[in-house]
Amino acid sequence: MYVIRKIIKKMIKIQNSILFLSSILLVVITSYLISFVENETFPTFFDGFWWVMTTVTTVGYGDYSPVTLSGRLIAIFLYIFGIGIIGVVIGKVVDGLAIFRRKKETGDIMYKEQAHYIIIGWSKKAAFAIKEMLETTNDIEIVIIDDLEKAPILAENIHYIRGNASETATLEKANIHKAQSVLVFADDMIEDDQLTDGKTLLIASAIESIAPEVHTIVEVMDEEHLKNFAYMNVDEFIISTETVSSLFVRSAFRKGISSVYNQLLRRTHGDDLFFIPATSKWKTYRDAFEELLDHGATLVADGDDLGINRKLDKPLPAHAQLYVICDKNTIKTIKDTIYN
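Okay, structure coming up:
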């Protein structure tokens, strides 16, 4: 037993590739040998393979067993060495899965997919953003970057990278070059807005320096700080405090207006704002406006231009980014009729 323990300890130290290859060769060779020396008991290679696998995995159904001296010697060899090798292999597989899960929980795995969405800075706002994204489309991949010890949330399509988002190594670990979009949330653990926006500025600067082609959305606490971002090519800004304060004031002067905002901001409540691709049959904004209106949707914007109703007879650009207000059933009907 001492010799066997020493052999197993030696096997544990062997490189995984060599160990797996040795295991495969062991199974294949012994399957061939047992079917060769005991052809009556094991008439096919698969019969031999079945017996070898039930032996080395200690299942032992007993439906096959060698009867000749040669066959039993092969069986003894499998009892001594085969079971030990396969046991080590199974142990390494289990350990590998445990290590992978631990690394995933601690954010120590490089993300290699593409067209994903990166969320920087974990907070309640980030959690709500993920919920909204998954309700919009549940087949997207999301990568969270933060310096928490463990992933705040993990799922099949939600991944975690631990590190400083202002460092190039962390951003590259999240494969930022292949990302669809990056959402940078302000750190709500910092009470000073100036310090908060300073940290956000540092992160945005790091993103734009290595991946300027990626669509970047940044949350800024104070509108006065926007001038500090002027030299960077950040695509969009969300003014956090201004947005909330404006909604409060508008609700105070016009009771019920907050429900209008809520409908446009939440996928699960009332009408929503949807993107509509332009079609070749729409020559003017009026063509698009009237056909969409016939289906129950109101055309309200082309990109950030809300003046559609003042230029209905102007030509519709081929690259127009049209947005309509309607409910989910209406947008589904539009996609099924206009675009099919």
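First residue of the sequence shown: 995, per our numbering; consecutive thereafter. Glycine included, C-beta positions come from ideal geometry on N, C-alpha and C. Since the structure is predicted, the reported quantities are computational estimates derived from the model, not experimental observations.
Query	Result
Beta-carbon proximity check, LEU1293 vs LEU1316, cutoff 9 angstroms	yes
Contacting residues, own chain, Cβ-Cβ under 6 angstroms from LYS1152 (five flanking each side not counted)	Here residue 1152 is Ile; the residue named in the question, Lys, does not match the sequence. Result list for ILE1152: ILE1136, in chain order.
Under the three-state DSSP convention, the category HIS1392 falls into	Absent from the model: residue 1392. The displayed extent of the chain is 995 to 1334, so no value can be given.
Any chain C beta carbon closer than 9 angstroms to PHE1043	Although the question refers to chain C, the structure presented lacks it and comprises just one protein chain.
Distance CB(VAL1178)-CB(THR1130) smaller than 9 angstroms	no
Closest Cα partner of GLU1217 within the set LYS1086, ILE1079, ASP1191	ASP1191
Cut-off 8 angstroms between Cβ atoms - residues of its own chain near LEU1091, not counting five sequence neighbours on either side	none
Close Cβ partners of PRO1309 (< 7 angstroms) along its chain, the five nearest in sequence each way excluded	LYS1277, THR1278
Per-residue burial, SER1064 [other beta carbons within 10 Å of its own, 16 or more giving buried]	exposed
Boundaries of the alpha helix (DSSP H) in which GLN1315 is found, first to last residue	Segment 1315-1320 is the beta strand (DSSP E) holding GLN1315; no alpha helix (DSSP H) there.
Start-to-end residues for the beta strand (DSSP E) that takes in ARG1156	1152-1156
Spatially closest choice to ILE1376 from ILE1233, PRO1271, LEU1300, by CA coordinates	The first residue shown for the chain is 995 and the last is 1334, placing residue 1376 beyond what the model contains.
Contacts around LYS1097, its chain only, beta-carbon distance under 6 angstroms, and the 5 residues preceding and following it disregarded	ILE1103
Residues that DSSP places opposite ILE1113 in a beta bridge	ILE1138, LEU1177
Proximal residues to GLU1099 (C-beta, below 8 angstroms), its chain only, five neighbours per side dropped	LYS1144, ALA1145, LEU1148, TYR1154
Close beta carbons around GLU1230, own chain, < 6 angstroms, minus the five adjacent residues each side	ILE1211
PHE1231, DSSP secondary structure in three states	strand
Contact test: ILE1093 Cβ vs the ligand MG heavy atom, cutoff 8 angstroms	The ligand MG is not part of this structure, which contains no ligands at all.
Rounded straight-line distance, which links the Cα of MET1127 to that of SER1175	12 angstroms
Ordered list of alpha helix (DSSP H) runs contained in the region 1009-1038, each at least 4 residues	1010-1031
Any 3 or more C-beta pairs closer than 8 angstroms across the region 1064-1084 and the region 1106-1123	no
Buried/exposed call for GLU1034, threshold 16 Cβ in 10 Å	exposed
Coil, strand or helix - LEU991 by DSSP	In this structure the chain extends from 995 to 1334, so residue 991 is not present and cannot be described.
ALA1295: first and last residue of the uninterrupted beta strand (DSSP E) it sits in	1292-1296
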